[in-house]
Amino acid sequence: MQRYFINEECIKDSYIYIDAYNHKHMQRVMRYQNGSQVVCILPSLKVYIYEIIDIEKGVLKQLNEIEENHELDVDVTLIYGLPKNDKFEFVLQKATELGVKRIVPFLSQRSLIKMDEKNFLKKKERYLRILKEASEQSYRNCVPILEKPIHLTDIKDYLSDINLVAYEETSKQGEHRNFHQVLQKDYHTITIIVGPEGGFDQKEIDVMKSMGILECSLGKRILRSETAPLYMLSVIGYSRELTR
Ligand code: SAH
């Protein structure tokens, strides 16, 4: 059943007066009729079945609540060295499918695009739409949070129980055990940090280490910057959901 994330202002008692964007989707894409049912996730993160009672006006009536949780049992924050724009959008979509909770763009020394806050805000609406659609499509119970771009020293504000930076030089030196070992610990939150196309500067890694962040390898091959976060999220998903 099709899923929609609903904003607070659309809800009135047991009715939803759907926003223009979702309304268009229901009418034009899904071609729903009165009586069609959809899954709606409310701002409380509760999940309900709703019935469309007026497709022309976009009115839905609440039926029953359903118990379901498709979220990872740990909160993953991805701090991602900003790559070129289309790669960033690709990672937003795929990381959402893989269960990321929060994405923090990181203006690293070798980021090819120099995105300032104004530039980011211009694109933010489009990014949020990508996150929302990927969340609906992948049966998420919430939409990941997108933070504004940060600099190296701000990383300390986004740390978790476990903190890992994927560092290509660690891989080249043949140290491959850290990622697996750290995932055996008891934790509820984890921050993973990935560099842009040009990789990390050793000085950046030194600052991160001084914050208690552990460097790790992602295997013997060097992955493109858009592959690396997806690999890390897949490994975390595997260790939390498929091995217990
Ligand atoms: N241009 C660099 C590679 C950058 S890859 C070089 O040739 O060395 C982009 C980012 O992906 C890296 O900064 C790192 O965070 C991550 N990454 C890719 N492959 C990795 C690996 N095998 N081990 C650890 N991190 C890796």
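Position one of the sequence shown corresponds to residue 1 (the numbering used here), numbered consecutively onward. Glycine included, each C-beta is placed from N, C-alpha and C at the ideal position. The structure displayed is predicted, hence computed values, not measured ones.
Exposure label - C216; buried when at least 16 CB within 10 Å: The residue given as residue 216 occupies position 216 in the sequence shown. Buried, since its Cβ has 16 or more Cβ neighbours within 10 Å.
The ligand NAP heavy atom lying under 7 Å from the CB of G195: This structure does not include the ligand NAP; its bound ligands are the ligand SAH.
T191, DSSP secondary structure in three states: Here residue 191 refers to the residue found at position 191 when the sequence shown is read from its first residue. Residue state, collapsed to three classes: strand.
According to DSSP, residues forming a beta bridge with P105: Taking the first residue of the sequence shown as 1, we reach residue 105 at position 105. Answer by DSSP bridge pairing, in chain order: Y80.
Residues of its chain near I193, where Cβ-Cβ distance is below 6 Å and the 5 sequence neighbours each way are ignored: Translated into the one-based positions of the sequence shown, residue 193 becomes position 193. Close CB contacts of I193 within its chain, under the 6 Å cut and outside five residues either way in sequence, are with I79, V165 (chain order).
Through-space distance from S44 to Q33, alpha-carbon basis: Here residue 33 corresponds to residue number 33 of the sequence shown, with the count starting at 1. Here residue 44 corresponds to residue number 44 of the sequence shown, with the count starting at 1. Roughly 27 Å between the two C-alpha positions.
Any non-hydrogen atom of the ligand SAH closer than 7 Å to F106 Cβ: The sequence position of residue 106 within the sequence shown is 106, counting from 1. No.
Collapsed DSSP secondary structure at F120 in the structure displayed: Within the sequence shown, residue 120 is the residue found at index 120, counting from 1. F120 falls in the helix class under three-state DSSP.
Between the CA atoms of E68 and K114 - distance to the nearest angstrom: Looking up residue 114 in the sequence shown gives position 114. Looking up residue 68 in the sequence shown gives position 68. When the Cα atoms are used, K114 and E68 turn out to be separated by approximately 41 Å.
Residue(s) in a DSSP beta bridge with N163: Locating residue 163 in the sequence shown gives position 163, where the first residue counts as 1. T191.
Member of S138, E8, I205, K185 whose CA lies at the smallest distance from the CA of M1: For the purposes of this step, residue 1 is taken as residue 1 along the sequence shown, with counting starting at 1. Answer by Cα proximity: S138.
Any non-hydrogen atom of the ligand SAH closer than 7 Å to S217 Cβ: The count along the sequence shown starts at 1 and reaches residue 217 at position 217. For S217, the shortest C-beta to heavy atom distance toward the ligand SAH is below 7 Å.
Inter-residue CB distance, Q27 and I55 (contact presumed, cutoff 8 Å): Start at 1 with the first residue of the sequence shown, and residue 27 comes out as number 27. Start at 1 with the first residue of the sequence shown, and residue 55 comes out as number 55. Indeed they touch by this definition, with Cβ atoms about 6 Å apart.
For K148, three-class secondary structure by DSSP: Translated into the one-based positions of the sequence shown, residue 148 becomes position 148. K148 falls in the coil class under three-state DSSP.
Rounded Cβ spacing between S239 and P196 (contact assumed at less than 8 Å): Locating residue 239 in the sequence shown gives position 239, where the first residue counts as 1. Locating residue 196 in the sequence shown gives position 196, where the first residue counts as 1. 26 Å between Cβ atoms; not a contact.
CA-to-CA distance, L214 to Q181, given in whole angstroms: One-based indexing of the sequence shown puts residue 181 at position 181. One-based indexing of the sequence shown puts residue 214 at position 214. Cα to Cα, the separation comes out at about 11 Å.
Closer than 7 Å: I155 CB and nearest the ligand SAH heavy atom: What you label residue 155 is simply residue 155 of the sequence shown in a count that begins at 1. Result no, Cβ not under 7 Å from the ligand SAH.
Sub-8 Å separation of K148 and E117 beta-carbons: Within the sequence shown, the letter at position 148 stands for residue 148. Within the sequence shown, the letter at position 117 stands for residue 117. In this structure, E117 lies closer than 8 Å to K148 by Cβ.
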